[in-house]
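All residue numbers for the sequence shown refer to the UniProt record's numbering, where the first residue is 1 and numbers rise by one.
Glycine included, every Cβ here is placed at the ideal spot set by N, Cα and C.
The structure displayed is predicted, hence computed values, not measured ones.
First comes the structure, then the notes that go with it.
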Amino acid sequence: MIKHLTFCVSFSAAFPLHPPQVTGSSEPIRVAPGDYAILPCWVSPKRNASRMTVEWSKSGQYVLVYKGHGVDNDAMNNSYVSRTSLFLSELEVGNLSLKLNNVTFNDSGSFKCFLPRWRKSHEVQLIVDSSWSRAENVNSSKLPDIITRRDRWPVAIPIVLFLVVFVMTCYMCVLYDKWK
């Protein structure tokens, strides 16, 4: 009985009921042609995504495919191969944002950030506008501070809960052995 209870509690602590979400900007990102765009997308609460597959697509075609340790150029639409990148050093903190260089009018539209492992996605709207200037856009597409203390709590709670259950289980096993 105790072993079954321990397994159930340990399992629920190790696999929380609320899986991570993929989120990003709800506001469209505006840029001028020839400029670069950063399409914000991140994992909340933060999780290390450096060994996961990250797919960015537009109109059903891959704009960027990252598979664990590098970009898969063969899977991508040729017009995006040399113009797209991720912030590789920030994948460890859940930043999945896409940088698109030398933006053209053809880039206007909805881009989808997708994590196949969790089947979670977020769409970001890109508007290419010749009357837009970078100075106007400086404050409009801020990325969140994804390394905040608040984001650490959802990760810490299951770990602490698991440790408490583990210690209690060990203590109960010792008591059971003494009682026997």
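Using the DSSP secondary-structure output, state which residues sit across from residue i in a beta bridge.
i    : result
T84  : L100
H69  : DSSP, once it has assigned bridges, lists no residue as partnering H69.
C41  : G24
C170 : DSSP output for C170 lists no bridge partner at all.
V128 : V31
F162 : None, per the DSSP bridge assignment.
Give the single residue among the options whose Cα lies nearest to the Cα of residue i.
i   : options                   : result
D35 : K67, S130 and L88         : S130
S50 : A32, V65, T169 and I127   : V65
A32 : V128, C170, W179 and T169 : V128
Q61 : L86, K178, S79 and P28    : S79
G68 : R117, T169 and Y176       : R117
I38 : V71, S89, S59 and V124    : V124
S25 : D72, P19, S89 and S121    : S121
T53 : P40, K180 and L86         : L86
S89 : T104, G70 and D74         : G70
Can you list, in chain order, the residues of its chain with a C-beta nearer than 6 Å to that of residue i? Leave out the 5 residues immediately preceding and following it.
i    : result
S44  : Q21 and T23
G94  : W42, V43, K46, R47, A49 and I146
R119 : none
P40  : G24, S25, S97 and L143
Tell me whether the beta-carbon of residue i lies closer than 8 Å to the beta-carbon of residue j.
i    : j    : result
L100 : W42  : no
F111 : L98  : yes
L175 : I29  : no
S59  : G109 : yes
R83  : N106 : no
Give me, in chain order, the residues of the same chain whose beta-carbon lies closer than 7 Å to that of residue i; leave out the 5 immediate sequence neighbours on both sides.
i    : result
K178 : none
E55  : Y62, V65, F114 and P116
M76  : Y62, V63, L64 and V65
N139 : Because N139 sits at a pLDDT of 40, beneath the cut-off of 50, its placement in the model cannot be relied upon, and the following sentence gives the value as read from the coordinates. Once the five neighbours on either side are set aside, N139 has no close Cβ partner at all.
Kindly list the residues whose CB is nearer than 8 Å to the CB of residue i, restricted to its own chain and excluding five residues on each side of it in sequence; keep chain order.
i   : result
D72 : V65 and Y66
Are the C-beta of residue i and some C-beta of chain D separated by less than 8 Å?
i    : result
S108 : Annotation note: the requested chain D is absent from the structure, which comprises a single protein chain.
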